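Data first, discussion second: the structure below is written as structure tokens.
Number of protein chains: 2
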Amino acid sequence: MRNLLFFCVVLTLFSFGKKEIGNTIKVNNQEELKSAVKNAVAGDEIILANGVWKDVQIKFYGKGTKDAPIVLRAETSGKVTIEGVSDLKIGGTYLEVRGLYFKNGYTPSNSVIDFRIDSKTIANNCKVLDCVIEDFTQLNRNKEDHWIEFWGRHNQLDHCSVTGKSNSGPTILVALKGNEHINNYHQITNNHFGPRPRKGGPHGETLQIGDSNTSMAPSYTNVANNLFERCDGEVEIISNKSNNNEYRNNIFYKCEGSLVLRHGNYCTIDGNIFIGDDNSEFMGGIRVINTGHLIINNYFYKIKGKEFRSALAVMNGVPKSPQNRYNQVTDAVVAYNTFVDCKTPWQFSVGANMDKSDVLPAQEIRSARPDRMIVANNIIFNHQGDEFPIKAYDKVDGVLFKNNFINSVNKSDVKSDGLKTQNLAMTKLSDWLYIPTVDQKELYAGFEFENIKKDVFSNSRAAANGTGAIVLPVDKSKGTINKKAYGAHWFSDEAVKETSKTIRVASENELTEALDKATSGTVIELKKGIYKIAASLTIDKKITIKSKDQKKRATVEYSGQANTPTFLMGAGGNLTLENIILKGEKNQHAFATKEKEMFSAYNLKVKNTEISDFDGVLNAYKDSFADTISIDNSVIKNCKRGLKLADENDDLGEYNAEFVYITNSKFENVQSNILDYYRGGYDESTIGGNLVFHNNTVANCGKEEKSGILIKTQGIVNVAISKNNFLNNPIKYIAVLWGEKNQQPKENTITNSGEFKTEQNLKQKMMY
Amino acid sequence: MRNLLFFCVVLTLFSFGKKEIGNTIKVNNQEELKSAVKNAVAGDEIILANGVWKDVQIKFYGKGTKDAPIVLRAETSGKVTIEGVSDLKIGGTYLEVRGLYFKNGYTPSNSVIDFRIDSKTIANNCKVLDCVIEDFTQLNRNKEDHWIEFWGRHNQLDHCSVTGKSNSGPTILVALKGNEHINNYHQITNNHFGPRPRKGGPHGETLQIGDSNTSMAPSYTNVANNLFERCDGEVEIISNKSNNNEYRNNIFYKCEGSLVLRHGNYCTIDGNIFIGDDNSEFMGGIRVINTGHLIINNYFYKIKGKEFRSALAVMNGVPKSPQNRYNQVTDAVVAYNTFVDCKTPWQFSVGANMDKSDVLPAQEIRSARPDRMIVANNIIFNHQGDEFPIKAYDKVDGVLFKNNFINSVNKSDVKSDGLKTQNLAMTKLSDWLYIPTVDQKELYAGFEFENIKKDVFSNSRAAANGTGAIVLPVDKSKGTINKKAYGAHWFSDEAVKETSKTIRVASENELTEALDKATSGTVIELKKGIYKIAASLTIDKKITIKSKDQKKRATVEYSGQANTPTFLMGAGGNLTLENIILKGEKNQHAFATKEKEMFSAYNLKVKNTEISDFDGVLNAYKDSFADTISIDNSVIKNCKRGLKLADENDDLGEYNAEFVYITNSKFENVQSNILDYYRGGYDESTIGGNLVFHNNTVANCGKEEKSGILIKTQGIVNVAISKNNFLNNPIKYIAVLWGEKNQQPKENTITNSGEFKTEQNLKQKMMY
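Here the protein sequences come in this chain order: A and B.
For reference, each letter of the first sequence is one residue, going 1 to 768 in the numbering used here.
For reference, each letter of the second sequence is one residue, going 1 to 768 in the numbering used here.
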């Protein structure tokens, strides 16, 4: 008989010292705080007085005990704001921080909250609870930091809200450099992460555990019960780069990225929910690289991503891969997951690029297929058939498919007996949650599958086991995301409703005055007439400037200095320009970004507007980033250049705009290119930008363009140029498209205007 | 209070079924055995009848339990011999094998004892105890096998003796390919491994755990209390290629290699003893690569190896190394070790080769220095000063030296405050064991050093801790290796004493008859006279053929077929030819190896002998291997070629002879080269062969040598050519030496004989 029952009777030989009630010390300023920290002993509680603490660098150290930690807390949670150039560093044992609110500032160091003070004073068994970091972002988006750095062991971030990081660097980094930091069993629990806006380049992860240099380390970090909401920073929401981490029961709500097992092995992804969107191909699921991962009990809804961003993306590896590239997938188990209304949810040998050996070095060629992988007991359910549930970019010969079920016909290249079409009934429990009507009980018993004891909702599988993530019965409440369960209890991310105020103006002075007074959401309506503007108008909030109707358009004449713009876009600026005639004097710009402090993205929307007589239409400086630029139904004429979004020229994968839409418009007599949109550097973590150039007329443009290209899109991943009319443009190429990314011109009319060229594989500068 | 004491009271709720005494089934042949295995249940014992079991492939399967294993054992341990083409495969749970003796044969499969039957029938919790595998080697040394393959989990090899593997492949392989085999906690305990003879190429490890493809796997194999004796197969006695393995309390007795942490991380090497030799630079200690290894409580005595083979060799890594090359050393801890009479025991950045970027690809350049490494609380003790205890091949900037002590002056490039010269007294306890007279108590308290609780002899450090591997008091018995504690209890490796019989002969017939009758060690004394030999004399044992004195030398005239040798060296042949005149008819060879079945090494010693009128002096075929070839005080003349040891031409690192000594001899009128000694393929696991060419005269040789080289030594690592006289040899080069290996001609006299050339870096074919 092998199974013994052990009853452990715990006796405590030495009686505990009677728990002392520590001192409570209220502090009002930095000096008092320093002194309080210096004198604190186990059990003490240091209370920061309510109010603004500006430009503080808090070092919280000491030796608490498990039963008597030293606590540093806000007098009232959320009422102590840490602002300005500030940070918090923690080093010692059993220290707890509660209730702080970081906002209106940024850190002067590498991190906002750091679980170490220096290499010798490291946190162990310390906690940060009920805190918020909001928009505490560096002034320059390319200045890198992390908002929370984990060092040491057994530290915890619990019930915190972390939102709005727009600069470079993972929001949270777990560092493993040194034996003191491995086997750390850190707890990242019950937090609310996001939104994290699109970054326009790499290094926009929300969580990174380890790095390629320490990817052999056992980390054992537990990431559980967190809500990741619209974490759109880059293609990796979470970048796992070490061993033995666990991701349990998290919700990924409409995040434009994936949970990526980038480096490291033997991780567990259990019981997570990935919710996508009908309209987005950017929201992904789990991307698998390396060895021994266990992916079970996960629920995927409307994940429509492809390749790197598919619901389950299993990559090809580089044979004998260098430490920082792609190891082969081996010994991975994908079992008991449910995929509802996803698009081609299973993609294998993603990243296979054997055809690119002439443009890439050998250590970039991913030809090692997944091996010794098991995919079993999963359910794919589609309300509308998905004929190709499996996509394979290479032979699938190392994957064992067993007892997977789909409710629609499978016409994939990979047709496995292990994926059977069957009539599966599902019941709708909420917008995103569908549960089986009956448990599907044909189960495959893989190696150690007996250890999979619970479903996605932590219900026991013992009584009534079934395929897929969900076993019956399911509590009705499970279909609702209870936001209050995540993040700081006192903090709400519900945006304050914008008051859509309208100010009517009839003169230059009124216009500038209105802009000064405007709050976010203000609409400034211009009466018909001429507005002579002599200095740039700064836009750093959400502003609409428009003539009331298209037939009575106001004219804005700009006479500012050379090389200045009419509208100067600042961080967070969001300008809609509608029904306006905008004129320059040839040597200024219609729009430009600030040259510095572009710490968050701007947006620019131009409608029914005529822009003429400028040097550049848009001049975006380095380190600036537009989320969306759209020009619709407008005319651009008699300018030297069009839109320049090409100043991120370090070839590090960064770029100046995520989405550029130019539609139903007319370009005439723009002397060089009409658009220069650039991303440089070979980097797969950026899958942008995006250009739609549709239904425009371009005439007599490009005559002074030295490159010979009218629409420059070097390195931009998604480019769609369709139904345009190109007429008498004396250039060589309308655009040079990237064949590998399936860029194809569609239904354009070309008259005396050069041609489209397609380069299959782009030569790019290696970044590492 | 953090430390609780747990008292676990184990209660058994369900009473055990009364332990049934299983059946005992004696079997006399394979059919009975098959049937017995088929019917065996937990608790059964199957007994193999004493005697020879020939050509058997035993499949031992079943389901035993912890308390009632199924046992397969010899009627009398050691009296059941498994011979011929045989193997044993084990698959199931709680199976035990005891007392078997594998000899006089080889396996038809990949392994002699395999802890799995096939990929589905794997052993778990199985044991092989008290068994012996002796000389069970493949007939061709290049045919690869393993003698013991571990698969599954929790299997054990205990008290076994494994000796004499001379073919390719690690003696023991722990396989990790698949989740069923990781976290295996195999026990390799109390065994006696070796001798394993020199192999002359790679793949001669005694133990390999994992491989580069599975090196990310956690293995947790425990290798404890074994005796490794003269395991000389190759430069790695043990090749660790996975994570979390432990090497505890083993003795490495005069093994020509090292315990190498080749791949994998976080291994523990604790309490091992490495015993070297005054006369060998081949015996090594521990070679460190990768991350997080803990090297404590080890005792090194007379380890005189350099570079790869130094007592502590810490390598440089390749930045972002490919999976099968060299990762940087990080987070390694070397503490509480003792080095007695070693030569430059600490070598750092071993393998640094930044100067070789023109002959090696980038992924071979080891420029990443050890980082975050701690070397503390160690003792270096020398009876005669060792002025350079530390050798560094690169900057040492990532190693923290703390509280290390040496009893002699340190003139190393690396002079660290952390290595202090101090008067350390040591007491001799045995030939190889020196213990401190008093504990040296200045200790550095590194991270988690408090967990180092015992010394090399498992004595507690609690009472009187000290630096070095040994704390006082030490039991006197510790200075003796009790061989009976290791390996099968019934087996002794003490060689049967050779009876050095002398047979005197006076005619050809008597000579061939004597050879037939000879046992190993026989001396055949030839009376003066002419012995006309028409067919090759086969030498497959230890034989001396000699004239009694040098002045009355017998003449052996060989008239065999073209291309046959006078003496045909077979596997294990060991010929000493002394005081003989040996003549051919121009188209035969003086010596040659067999073309097949050279499963173990031969030796050839020629003294005071004249060899003339042959095609080749020695013709060594592919797959043959000589341990030592020596020619001393002899004359070689009028031959077409000299010694050919160049048939291992696959460029896989193999070569045909380990040691070649040619001394005090004369070569005259050898028409092409006098020696062709070759090793091909870039491979660092072979650090041979070895040529000493000293005090010879070479005259009128090489005139028909097409390569223009008189002594060809391509790829041979150790080449010493000194005090020779080269006279009138019409060649271009006497030899082309390898500068990187410090090959330099010394004190040779060259007259009309070409010159020495030195190539610093050899271009070699990559093997992987």
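Ideal Cβ positions, reconstructed from N, Cα and C, are used throughout, including at glycine.
All values reported here derive from a predicted model rather than from experimental measurement.
With 16 other CB atoms within 10 Å as the buried threshold, where does residue i fall?
| i | result |
| --- | --- |
| residue 559 (chain A) | exposed |
| residue 708 (chain B) | exposed |
| residue 765 (chain A) | exposed |
| residue 122 (chain A) | buried |
| residue 530 (chain A) | exposed |
| residue 89 (chain A) | buried |
| residue 304 (chain B) | buried |
| residue 297 (chain A) | buried |
| residue 561 (chain A) | exposed |
For residue i, return the contacting residues in chain B, with the cut-off set at a CB-CB distance below 9 Å.
| i | result |
| --- | --- |
| residue 38 (chain A) | The contacting residues do not exist; residue 38 (chain A) stays about 24 Å from chain B at best. |
| residue 327 (chain A) | 216 and 323 |
In chain C, which residues lie with their C-beta within 7 Å of the C-beta of residue i?
| i | result |
| --- | --- |
| residue 321 (chain B) | The chain inventory of the structure shown lacks chain C, comprising the protein chains A and B. |
Which residues in chain A have a C-beta closer than 9 Å to the C-beta of residue i? List them in chain order.
| i | result |
| --- | --- |
| residue 372 (chain B) | 177, 178 and 179 |
| residue 292 (chain B) | 179, 182, 216, 217 and 218 |
| residue 447 (chain B) | 178, 179 and 180 |
Measuring only the C-alpha atoms, how far is residue i from residue j?
| i | j | result |
| --- | --- | --- |
| residue 772 (chain A) | residue 432 (chain A) | The structure shown does not extend to residue 772 (chain A), since chain A is modelled only from 1 through 768, so no value can be given for it. |
| residue 330 (chain B) | residue 218 (chain A) | 14 Å |
| residue 760 (chain B) | residue 360 (chain B) | 13 Å |
| residue 295 (chain B) | residue 325 (chain B) | 22 Å |
| residue 573 (chain B) | residue 545 (chain B) | 13 Å |
| residue 215 (chain B) | residue 394 (chain B) | 27 Å |
| residue 3 (chain A) | residue 96 (chain B) | In this prediction, residue 3 (chain A) scores a pLDDT of 39, lower than 50, which makes its location untrustworthy; no coordinate-derived value is stated. |
| residue 684 (chain A) | residue 712 (chain B) | 51 Å |
| residue 205 (chain A) | residue 464 (chain A) | 38 Å |
| residue 365 (chain B) | residue 481 (chain B) | 42 Å |
| residue 738 (chain B) | residue 755 (chain B) | 14 Å |
| residue 184 (chain B) | residue 426 (chain A) | 42 Å |
| residue 500 (chain B) | residue 517 (chain B) | 13 Å |
| residue 322 (chain A) | residue 272 (chain A) | 31 Å |
| residue 601 (chain A) | residue 616 (chain A) | 20 Å |
Using DSSP's beta-bridge definition, name the partner residues of residue i.
| i | result |
| --- | --- |
| residue 547 (chain A) | A:526 |
| residue 629 (chain B) | B:604 and B:660 |
| residue 62 (chain B) | B:92 |
| residue 721 (chain B) | B:693 |
| residue 399 (chain A) | A:373 |
| residue 322 (chain B) | A:322 |
| residue 610 (chain B) | B:581 and B:635 |
| residue 553 (chain B) | DSSP, once it has assigned bridges, lists no residue as partnering residue 553 (chain B). |
Using a C-beta to C-beta distance shorter than 7 Å, which residues of chain A count as neighbours of residue i?
| i | result |
| --- | --- |
| residue 331 (chain B) | 178 and 179 |
| residue 265 (chain B) | 216 |
Touching or not, the segment 170 to 177 of chain B and the segment 635 to 643 of chain B, by the rule of three or more beta carbon pairs under 8 Å?
By the Cβ criterion, the segment 170 to 177 of chain B is not in contact with the segment 635 to 643 of chain B, since fewer than three pairs of Cβ atoms, one from each stretch, lie closer than 8 Å.
Three CB pairs or more closer than 8 Å across the segment 338 to 348 of chain A and the segment 371 to 384 of chain A
Output reads yes: the segment 371 to 384 of chain A touches the segment 338 to 348 of chain A.
With a threshold of 8 Å, are at least 3 pairs of Cβ atoms found where one atom belongs to the segment 113 to 128 of chain A and the other to the segment 144 to 161 of chain A?
The segment 113 to 128 of chain A makes contact with the segment 144 to 161 of chain A; the number of CB pairs closer than 8 Å reaches 3 or more.
Does the count of Cβ pairs from the segment 484 to 492 of chain B and the segment 503 to 518 of chain B closer than 8 Å reach three?
These segments do not touch.
Given 8 Å, three or more beta-carbon pairs between the segment 66 to 80 of chain B and the segment 103 to 116 of chain B:
Three or more Cβ pairs closer than 8 Å define a contact, and the segment 66 to 80 of chain B falls short of that threshold against the segment 103 to 116 of chain B.
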